[in-house]
Amino acid sequence: MAEKKKTQKEKEPDITFYHPDLLEIPENGLPYLKGYKCRKCGQLDFPKLTPCPTCWGEDFDVVPLSRKGILYSFSDLYIGQPGMATPYICGYIDLPEDIRIFAMLKGDVNTFKCDEEVELTTGPIRKNADGLPIISYMFQKV
Ligand SMILES: [Zn+2]
38 MAEKKKTQKE
48 KEPDITFYHP
58 DLLEIPENGL
68 PYLKGYKCRK
78 CGQLDFPKLT
88 PCPTCWGEDF
98 DVVPLSRKGI
108 LYSFSDLYIG
118 QPGMATPYIC
128 GYIDLPEDIR
138 IFAMLKGDVN
148 TFKCDEEVEL
158 TTGPIRKNAD
168 GLPIISYMFQ
178 KV
């Protein structure tokens with residue numbers, strides 16, 4: 038019996054963290070979103086806008102954003118990119134920093150209500166070409 042020869046290196050698992058400029062997952066801490074504060078005028082944005090839309094500055098300090106916010110609006114969606122499980126839920130979350138975040142929501146759509154508190158978490162937003170999860174930020178009920 039002929040053994041199949043390996044001509045290519047086996048593919049390594051590729052669990053990708055999506056949005057590395059936006060999400061930080063400390064080794065011994067809770068994940069947080071990265072706000073970008075303009076060093077020139079102090080405007081805080083998420084995601085990073087270059088140049089600053091207020092003063093055209095190009096230097097920013099990274100500021101950890103609040104992990105909890107208020108759900109402004111949301112919807113369940115039945116069409117997604119390849120690798121996305123449907124339905125999934127997306128919503129807008131208002132943070133205390135006066136920033137509105139667009140993000141996927143983790144949980145059952147029937148359990149969410151507008152104006153209720155949600156908190157940052159992480160989870161698979163879709164699968165990559167190898168069928169492995171791509172991890173990013175999400176919000177869930179507190
Ligand atoms: Zn600025």
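Numbered per our numbering, the sequence shown spans residues 38 to 179.
Glycine included, C-beta positions come from ideal geometry on N, C-alpha and C.
Residue from the options with nearest C-alpha to residue i
{"i": "Tyr115", "options": "Tyr125, Ile62, Thr87", "result": "Tyr125"}
{"i": "Trp93", "options": "Ser110, Lys74, Tyr174", "result": "Lys74"}
{"i": "Pro119", "options": "Glu95, Gly168, Lys178, Glu61", "result": "Gly168"}
{"i": "Leu177", "options": "Thr123, Leu108, Asp113, Arg137", "result": "The residue asked about is misnamed: residue 177 is Gln in this sequence, not Leu. Per the Cα distances, Leu108."}
{"i": "Asp82", "options": "Val179, Pro63, Phe111, Ser103", "result": "Ser103"}
{"i": "Ile130", "options": "Asp113, Asp152, Asn147", "result": "Asp152"}
{"i": "Glu134", "options": "Gly79, Ala122, Leu60, Glu61", "result": "Gly79"}
Residue i versus residue j: straight-line alpha-carbon distance, rounded
{"i": "Pro90", "j": "Gly128", "result": "24 Å"}
{"i": "Pro68", "j": "Glu95", "result": "26 Å"}
{"i": "Pro170", "j": "Lys164", "result": "4 Å"}
{"i": "Met141", "j": "Lys77", "result": "32 Å"}
{"i": "Pro101", "j": "Val146", "result": "28 Å"}
{"i": "Leu157", "j": "Arg137", "result": "13 Å"}
Cβ-based neighbour list, residue i, same chain, cut-off 6 Å, excluding 5 preceding and 5 following
{"i": "Val99", "result": "Lys71"}
{"i": "Met121", "result": "Arg163"}
In DSSP terms, what residue i is bridged to
{"i": "Glu154", "result": "Ile107"}
{"i": "Glu264", "result": "It is not possible to answer for residue 264, since the shown part of the chain is limited to 38 through 179."}
Contact set for residue i: own chain, Cβ-Cβ below 7 Å, skip 5 residues either direction
{"i": "Glu154", "result": "Lys105, Ile107, Val179"}
{"i": "Lys85", "result": "Asp58, Tyr73, Phe97"}
Cβ neighbours of residue i in the same chain (closer than 8 Å, five flanking residues each side left out)
{"i": "Lys150", "result": "Leu108"}
Expected contact under 8 Å - CB spacing of residue i and residue j to nearest Å
{"i": "Asp159", "j": "Ile62", "result": "The sequence shown places Thr at residue 159, not Asp. Indeed, because the Cβ distance is near 7 Å, the residues count as touching under 8 Å."}
inquiry  = As a quick check of your reading: which residues have a C-beta less than 6 Å from at least one non-hydrogen atom of ligand 2, in chain order?
reply    = Of the ligands one can find in the structure shown, namely ligand 1, none is ligand 2.
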